[in-house]
Amino acid sequence: MHKKCVLILLDGLGDRSYGQLAFQTPLQAAHTPFMDKIAASGANGLYHAGLLGQALPSENAHFAMFGYEASEFPGRGALEALGAGIDLAPDDVAVLAHFASLREENDCLILVKGKPEASLDEVKLLIEAAGEYSQDGVNIRFLHTQGLRGILVFRGKVAPFVTDTDPITDGFKVIALKPWSDFKNDTAVQNTVRVLKSYLQKIYHTLKKHPLNDARLQKGLEPINGMVTQRAGQLKTVTSFKERFGLRGLSIASGIVYQGLSAFIGLDFEKVIDTKDPGKDIAERLSIACNALDNYDFIHVHTKTPDEAAHTKDPLTKKKVIESLDNGIGAAIGPLMDNPDVLIVLTADHSTPSSGPLVHSGEPVPLTFCGQGIRRDFVRQFDEINAAQGALGTVRGRELIYLILNHLDRAKLRGLMDTPVDQPFWPGNYDPFTLE
Numbered sequence: 002m003h004k005k006c007v008l009i010l011l012d013g014l015g016d017r018s019y020g021q022l023a024f025q026t027p028l029q030a031a032h033t034p035f036m037d038k039i040a041a042s043g044a045n046g047l048y049h050a051g052l053l054g055q056a057l058p059s060e061n062a063h064f065a066m067f068g069y070e071a072s073e074f075p076g077r078g079a080l081e082a083l084g085a086g087i088d089l090a091p092d093d094v095a096v097l098a099h100f101a102s103l104r105e106e107n108d109c110l111i112l113v114k115g116k117p118e119a120s121l122d123e124v125k126l127l128i129e130a131a132g133e134y135s136q137d138g139v140n141i142r143f144l145h146t147q148g149l150r151g152i153l154v155f156r157g158k159v160a161p162f163v164t165d166t167d168p169i170t171d172g173f174k175v176i177a178l179k180p181w182s183d184f185k186n187d188t189a190v191q192n193t194v195r196v197l198k199s200y201l202q203k204i205y206h207t208l209k210k211h212p213l214n215d216a217r218l219q220k221g222l223e224p225i226n227g228m229v230t231q232r233a234g235q236l237k238t239v240t241s242f243k244e245r246f247g248l249r250g251l252s253i254a255s256g257i258v259y260q261g262l263s264a265f266i267g268l269d270f271e272k273v274i275d276t277k278d279p280g281k282d283i284a285e286r287l288s289i290a291c292n293a294l295d296n297y298d299f300i301h302v303h304t305k306t307p308d309e310a311a312h313t314k315d316p317l318t319k320k321k322v323i324e325s326l327d328n329g330i331g332a333a334i335g336p337l338m339d340n341p342d343v344l345i346v347l348t349a350d351h352s353t354p355s356s357g358p359l360v361h362s363g364e365p366v367p368l369t370f371c372g373q374g375i376r377r378d379f380v381r382q383f384d385e386i387n388a389a390q391g392a393l394g395t396v397r398g399r400e401l402i403y404l405i406l407n408h409l410d411r412a413k414l415r416g417l418m419d420t421p422v423d424q425p426f427w428p429g430n431y432d433p434f435t436l437e
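Residue numbers (our numbering): 2 to 437.
What follows is the structure, given as structure tokens:
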């Protein structure tokens with residue numbers, strides 16, 4: 002059986018059906034002979050990283066795919082901080098933040114435009130305005146990551162159990178900061194809410210009268226006059242991927258959240274750059290994976306482009322991106338499919354609808370296991386509908402990593418205890434019996 006697994010992750014690949022595509026999904030409508038070949042050579046099914054119907058962000062979906070419990074998740078803010086190279090102390094809280102265009106209405110703020118365009122000079126002025134803030138023994142620093150986005154790092158008696166202020170959708174009211182219901186009497190949470198609210202109000206009043214917005218208004222542009230926040234996090238201690246599953250792991254991706262997730266669970270990380278050619282990018286990443294097989298047992302190959310295409314809310318754009326990815330997969334998949342030691346897993350982390358108000362949606366995504374010894378079913382096309390007829394059925398959450406262990410002949414027989422911790426892989430990292 003196989004010795005290595007290459008997980009090809011097409012982020013946000015799943016979708017809904019659209020009349021303009023003859024009531025097919027973008028993946029169904031796309032011409033994908035190479036992904037279809039992988040599906041026809043293996044076992045197929047559907048995958049959801051959580052509960053069916055639950056709309057998951059990429060970081061939570063990946064966390065489950067890599068075999069970790071939801072209770073171990075540190076929050077996206079902490080993961081992006083790690084990925085951006087920000088040094089977090091154990092008690093620090095990291096919150097995602099970005100500048101936005103806001104409007105006052107009845108003592109509330111409306112999100113006019115969550116992603117306004119800004120020049121590099123304007124971004125520099127906004128970063129300066131964000132500055133550093135201290136109140137009641139709590140310090141806040143804004144650390145810029147990209148564009149109008151950054152991370153707020155809190156130090157002091159603080160906690161991450163606070164609501165978002167970012168409503169995500171333009172035209173909605175900015176959300177009031179509150180403690181999570183289970184932590185409403187927690188002093189650290191109350192500190193975090195109070196100081197963050199004060200900081201965000203300061204940012205708004207500073208930017209409202211900032212010269213950069215006078216200049217923007219004169220040009221007919223919307224002001225960038227506030228900041229919204231989401232997904233607070235705090236580092237936790239978890240066992241590494243290698244220790245937990247016995248596999249040396251590598252992630253090949255471009256996003257800082259994947260770099261942070263890799264650092265958090267102990268995967269090596271190969272940072273790659275996105276170009277305007279999704280097919281070329283995925284081909285290069287698969288080639289990197291092929292060349293890394295001698296050093297790793299599990300390689301995660303990621304592209305964000307299907308998700309980004311879906312966010313344009315144009316199904317035809319997503320279809321075009323999928324076809325480009327298929328060409329790239331076809332250009333590089335040969336050596337992996339021809340290698341009897343390699344298990345190929347092709348799937349997505351979640352569905353991203355190409356129409357409507359949702360950021361992500363809760364439909365499951367297609368899943369294929371391809372390699373020697375895999376039960377071959379009758380599926381001949383890689384898409385959400387055909388995959389549902391496959392031999393794998395519907396796979397959920399952490400079951401994915403257990404299936405990978407199984408097809409690598411690394412699944413431990415339930416009930417055996419070769420180590421003090423009940424690990425799911427075999428052979429375990431046990432100590433040999435010694436004679437005295």
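We put the CB at the ideal spot given by N, CA and C, even for glycine.
Residue i to residue j span [Cα, whole Å]
{"i": "ILE405", "j": "GLU123", "result": "48 Å"}
{"i": "GLY54", "j": "ASP137", "result": "42 Å"}
{"i": "PHE299", "j": "LEU393", "result": "20 Å"}
{"i": "LEU121", "j": "GLY132", "result": "17 Å"}
{"i": "PHE74", "j": "ASP187", "result": "20 Å"}
{"i": "LEU52", "j": "PRO341", "result": "34 Å"}
{"i": "ARG377", "j": "ALA389", "result": "14 Å"}
{"i": "VAL322", "j": "SER355", "result": "12 Å"}
{"i": "PHE173", "j": "VAL113", "result": "8 Å"}
{"i": "ASP315", "j": "SER325", "result": "16 Å"}
{"i": "PRO38", "j": "PRO336", "result": "Correcting the residue identity first, residue 38 is Lys in this sequence and not Pro. LYS38 and PRO336: Cα-Cα distance of roughly 14 Å."}
{"i": "ASN296", "j": "ASP12", "result": "25 Å"}
{"i": "GLN191", "j": "ARG17", "result": "41 Å"}
{"i": "HIS312", "j": "ALA71", "result": "26 Å"}
{"i": "TYR19", "j": "VAL346", "result": "27 Å"}
Minimum C-alpha distance to residue i - residue among the options
{"i": "LEU127", "options": "GLY227, GLU106, ASP282, GLY86", "result": "GLY227"}
{"i": "PRO34", "options": "PHE155, PHE383, LYS185", "result": "PHE383"}
{"i": "THR348", "options": "LEU414, VAL396, LEU201, ALA333", "result": "VAL396"}
{"i": "GLN29", "options": "GLY15, LYS38, ALA41", "result": "GLY15"}
{"i": "ALA332", "options": "ALA23, ASP282, PHE184, THR369", "result": "ASP282"}
{"i": "ARG91", "options": "LYS237, LEU436, ILE330", "result": "Note on residue identity: the sequence assigns Pro, not Arg, to residue 91. Comparing Cα positions, the closest option is LYS237."}
{"i": "LEU22", "options": "PRO365, ASN292, PHE379, LEU317", "result": "LEU317"}
{"i": "VAL229", "options": "SER199, LYS220, GLU437", "result": "SER199"}
{"i": "PRO425", "options": "THR369, TYR69, LEU436", "result": "TYR69"}
{"i": "LEU240", "options": "GLY256, GLY234, PHE265", "result": "For the sequence presented, residue 240 should be read as Thr rather than Leu. Considering only alpha carbons, the answer is PHE265."}
{"i": "GLY261", "options": "GLY76, GLN25, ASN45", "result": "GLY76"}
Burial state of residue i, where buried means 16 or more other Cβ atoms lie within 10 Å
{"i": "HIS32", "result": "exposed"}
{"i": "TYR431", "result": "exposed"}
{"i": "LYS319", "result": "buried"}
{"i": "LEU1", "result": "As displayed, the chain neither begins before 2 nor continues past 437, which places residue 1 out of reach and without an answer."}
{"i": "LEU417", "result": "exposed"}
{"i": "LEU47", "result": "buried"}
{"i": "ALA1", "result": "Coverage of the chain is limited to positions 2 through 437, which leaves residue 1 absent and any answer about it impossible."}
{"i": "GLU106", "result": "exposed"}
{"i": "GLU271", "result": "buried"}
Other residues of its chain near residue i: CB distance less than 6 Å, five sequence neighbours each side excluded
{"i": "ARG156", "result": "ASP93, ASN140"}
{"i": "ALA189", "result": "LYS158, VAL159, ALA160"}
{"i": "ASP308", "result": "ASP12, GLY13, THR353"}
{"i": "GLN231", "result": "LEU97, ASP165, ASP167"}
Same chain only: Cβ atoms within 7 Å of residue i, ignoring 5 sequence neighbours per side
{"i": "ASN328", "result": "GLY280"}
{"i": "ALA290", "result": "VAL7, ILE253, ILE300, VAL302"}
Own chain partners of residue i with C-beta closer than 8 Å, once the 5 adjacent residues on each side are dropped
{"i": "PRO358", "result": "THR170"}
{"i": "ILE152", "result": "GLY78, GLU81, ALA82, ALA85, ILE87, ALA95, VAL96, LEU97, ALA98, PHE143, LEU144, THR146"}
{"i": "ALA177", "result": "THR164, THR166"}
{"i": "ILE225", "result": "PHE100, ALA101, SER102, PRO117, ALA119, GLU123, LEU127, LEU149, LEU208, LEU213, ASN214, ARG217"}
{"i": "GLY429", "result": "GLY247, LYS413, ASP419, THR420"}
{"i": "LYS243", "result": "ARG249, GLY250, GLY267"}
{"i": "HIS408", "result": "MET2, HIS3, CYS6, LEU344, PHE370, GLY372, GLY374, ILE375"}
Residue i CB to nearest heavy atom of the ligand MG below 7 Å
{"i": "ILE141", "result": "Absence of the ligand MG from the depicted structure is noted, as is the absence of any ligand whatsoever, leaving it without description."}
- Give, in chain order, every unbroken run of the beta strand (DSSP E) that is at least 3 residues long and sits entirely within the region 326-391. 343-348, 366-371
- Task: Can you check the region 390-425 for any alpha helix (DSSP H) of at least 4 residues that lies completely inside it and give the ranges in chain order?
- Result: 400-408
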